[in-house]
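2 protein chains.
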Amino acid sequence: MFDLEAMDGRARAGNLRTPHGTVATPAFMPVATKAVVKTLTPEEVWETGARALICNSFHLHLRPGAGLVRRMGGLHQLMGWGGTVFTDSGGFQLIRSGFDMKLRDSGIKYRNGLTGAVEELTPEGAVRLQWELGSDVAMALDDCPRYGTGREGVAQSCRRTIDWARRAMDARSALEDGPGGPLFFGIVQGGLDEELRKSCADALVSLNMDGYGIGGLSIGEPKPEMQRALRWSVEALPLSKPRYLMGVGSAAELLGSIAEGADLFDSAFPTRNARHGTIMTSGGNYSLSRADNAGIAGPLEEGCPCPTCRRFTRGYLHHLCIEKDMLGMRLASVHNLFFVEQLVSEAREAIVRRRFASFCEEFLAGMPGADSGSEEE
Amino acid sequence: MFDLEAMDGRARAGNLRTPHGTVATPAFMPVATKAVVKTLTPEEVWETGARALICNSFHLHLRPGAGLVRRMGGLHQLMGWGGTVFTDSGGFQLIRSGFDMKLRDSGIKYRNGLTGAVEELTPEGAVRLQWELGSDVAMALDDCPRYGTGREGVAQSCRRTIDWARRAMDARSALEDGPGGPLFFGIVQGGLDEELRKSCADALVSLNMDGYGIGGLSIGEPKPEMQRALRWSVEALPLSKPRYLMGVGSAAELLGSIAEGADLFDSAFPTRNARHGTIMTSGGNYSLSRADNAGIAGPLEEGCPCPTCRRFTRGYLHHLCIEKDMLGMRLASVHNLFFVEQLVSEAREAIVRRRFASFCEEFLAGMPGADSGSEEE
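One line per chain: the protein sequences are A and B, in this order.
Take 1 as the starting number for the first sequence in our numbering and just add one per residue.
Take 1001 as the starting number for the second sequence in our numbering and just add one per residue.
Right, here's the structure in full:
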């Protein structure tokens, strides 16, 4: 399911085998919340180097509905994506995105804005939903406290997250009709508290899940605090299981988190910023709308081998950005995703060659300041 | 420059040789007002079968400016389009699109909304502009009266259009430094008046231009009136020159106008409607957002060989339309353009085989009602 190919310090290179192919880790997953990486075809996403996407099962439950996705042959068939599909449970979105919701021990009660009905997302329901969608890697429903929640509140979220993971594992056993089903990951919570992070991870590890998400980070906390909470979480997780740091997608944060032993990442940052004209490069980000990009005959980044830089000039993309044409948003999305996928792939190479620390040093030396990105599209 | 390959009734099949390739006519040109066919790459446009685009020199003058386009290597280089580029002068847009403008015999005075400056688009300036952009086929500045203008107003527009064409031809002679420059078309005006249409065409023909646009149609007039005005215009034009009916792009109008002897067409109709979820098929148009498209595993149109229908289901495109994702707009644009390009190409084939009338009859029998489309994106 997951094998560790190499380690360099805490950084790891591995391979995650899923029902739709093997994902070489560290890996960055483009966000396809509603079964589409915004503006892009699956071929274009594949060309960036991505081999796994993450969809949101809760959003897809609201529309078009899991039953319809199933009738269309599942998420892969629906989207035309031959690679791996992760699905998130949607707990994070429900709790944090201003839905009219109530957290209960039984699950998350919310009003379905499309039908007006009050529904409840339960741990068992979230498992069934992701099974029905045809996910390769499903995430347990978790309770993600907001940044700034007090210790007692975070502790309660942990208890709930652990209880929900246990119920989800039971539901999973009841559903499974043989090998070859999706992998199932729990999510470590615990805010910025060492003891809570470790006890939450310990409890989930005792459930022997297929892998572990690290949640509740990159939601507003200072970077050093995030780094510490990530380290505490990872320290309590077994070497043999993949670790998925949720919601991280800036270059500096990716390298910092790979250094701590995280294997999988997702973020809407590269694509959302592309649509707003922010271009990611190894020399830092820049805004495509800036007037000094006008008339530049070179590519978005000198030497970049991405499909956008191979075919279009920065001057033309600046023009498209100023005219707000979607073609510019597409081409910038391809460039940014390619940049992140290439970064993660080079990081992997460096880990295998036991030169990850110097790779990071060289890379970050060219990068003025850091940027952050999180949350779904 | 233009050779007539076959005629069937008044319908013609021909070949227009331009500095960037030969365009087989009848031909439909996708609209790339601001040097982009909205949402699409040049490769995607090429795959629809299109071999010529039309840009708007006035819009490109406003932004990014002809000097910049020239420094970037001209329109073809800027866009990455290897086919033919027509450019419109922008007179139509200035007069009809609510710019703060004044029509004078010298030209069209307007306020440049980006700089605040009062500028004048003259016949000579429009020629220079299109030369500078690197156009393959440039259009003379014309004065296009609104639908409903009285006879005296239309007559004045004709006089001005003819005078401007003469001045443009003089300016062109002054610019030309040898063979291989762009072709230069005049535009026949005259509203819905037989005498004015014919006298305007006669006057332009005496200037021996490379081809003739037929303007001032598809701007709100009833279809039979348009058909008549088109016929009067065409009757006064020589067989040996290409005729470009401006602003026509619905299936029924294209066939009706090809039957009258028009060779070239442009319209934002297929792409704009695609972005709003209207799908063109040989059975008529339908709205992709309609709920009965949900879950359909077949393509947008059964048997359609376009890149969209080969790869994506109608159910998925419906989902993208409901979620307002740009990917859906792109894929629908490709389908609609492919549909129109295929229609025009099949019409050409039918003309060559002298069975155009029965082709039209068969095609229109499957098509409930007609639709109209005009104006730039």
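Backbone N, C-alpha and C define an ideal beta-carbon position, used for all residues, glycine too.
- Taking 4 residues as the shortest admissible run, the segment 73-144 of chain A contains the following complete alpha helix (DSSP H) segments, listed from N- to C-terminal end: 75-79, 91-96 and 123-133.
- D1325 of chain B is classed as buried because its beta carbon has at least 16 other beta carbons within 10 Å across all chains shown.
- Three or more Cβ pairs drawn from the segment 54-73 of chain A and the segment 122-138 of chain A lie within less than 8 Å of each other, which places the two stretches in contact.
- According to the DSSP assignment, E1301 of chain B belongs to no beta strand (DSSP E), since it is labelled neither H nor E.
- Taken in chain order, the complete beta strand (DSSP E) segments of 3 residues or longer contained in the segment 1179-1206 of chain B are 1183-1188.
- Among the bridge pairs identified by DSSP, D1163 of chain B is matched with none.
- DSSP places I214 of chain A in the strand class (E or B) of the three-state scheme.
- Residue range R1243 to M1246 is occupied by the beta strand (DSSP E) that includes L1245 of chain B.
- The C-alpha of F269 of chain A is placed about 13 Å away from the C-alpha of F338 of chain A.
- Around the beta carbon of K223 of chain A, a 10 Å sphere encloses fewer than 16 other beta carbons of the protein chains shown; the residue is thus reported as exposed.
- Judged by DSSP in its simplified three-state form, I54 of chain A adopts strand.
- Taking a contact as a CB-CB distance under 8 Å, the pair N1056 of chain B and D1088 of chain B counts as one, their CB atoms being some 5 Å apart.
- Contact of K223 of chain A with chain B is not assigned, every C-beta pair being separated by 9 Å or more.
- By the Cβ rule, the segment 1186-1194 of chain B counts as touching the segment 1136-1143 of chain B, because three or more pairs are nearer than 8 Å.
- Spanning the alpha carbons of V1352 of chain B and E1047 of chain B requires a straight line of approximately 23 Å.
- Below the 9 Å Cβ cutoff, chain A contributes no neighbours of T1048 of chain B, its closest Cβ being approximately 15 Å away.
- Taking a Cβ-Cβ cut-off of 7 Å, H76 of chain A has no neighbours in chain B, whose nearest Cβ is about 12 Å from it.
- Unbroken alpha helix (DSSP H) stretches of 4 residues or longer found wholly inside the segment 219-300 of chain A: 223-235, 251-259 and 269-275, given in chain order.
- Within a 10 Å sphere around the beta-carbon of H1319 of chain B sit 16 or more other beta-carbons, which makes this residue buried.
- Put simply, the CB of K38 of chain A is near chain B, with a gap under 9 Å to one of its CB atoms.
- Taking every protein chain shown into account, the CB of G1211 of chain B has 16 or more other CB atoms within 10 angstroms, so this residue is buried.
- Under a 10 Å Cβ-count criterion, T1122 of chain B is classified as buried, with 16 or more other Cβ atoms of the shown protein chains found around its own Cβ.
- Chain-order list of chain A residues neighbouring F1312 of chain B: G80, by C-beta distance under 7 Å.
- Listed in chain order, the non-local C-beta contacts of I1162 of chain B below 6 Å within the same chain comprise A1203, local neighbours out to five positions each way being set aside.
- The closest CA to that of N293 of chain A, considering only A:N273, A:T39 and A:G315, is found on A:G315.
- Distance from the Cα of G9 of chain A is smallest, within the candidate group A:G256, A:A332 and A:A229, for A:G256.
- Between S1358 of chain B and A1347 of chain B, the C-beta spacing is not below 9 Å.
- Taking a beta-carbon distance threshold of 9 Å, M1001 of chain B does not count as an interface residue toward chain A.
- Within the same chain, Cβ atoms closer than 8 Å to the Cβ of I1296 of chain B are found at T1313, R1314, G1315 and H1318, the five residues on either side in sequence being excluded.
- Annotation: the continuous alpha helix (DSSP H) that includes T308 of chain A extends over P307 to R311.
- Taking 9 Å as the cut-off, the beta carbon of G1080 of chain B is found closer than this to the beta carbon of P1042 of chain B.
- Per DSSP, reduced to three states, the secondary structure at L1040 of chain B is coil, with no helix or strand assignment.
- Per DSSP, the beta-bridge partners of R17 of chain A are A:T22.
- Separation of A274 of chain A and S1206 of chain B (C-alpha to C-alpha, rounded to the nearest whole angstrom) is 53 Å.
- At the C-beta level, G83 of chain A and G14 of chain A stay beyond 9 Å of one another.
- When the five nearest sequence neighbours on each side are left out, the beta carbons in the same chain lying within less than 6 Å of the beta carbon of L245 of chain A are those of I214, S257, A262 and F265, in order along the chain.
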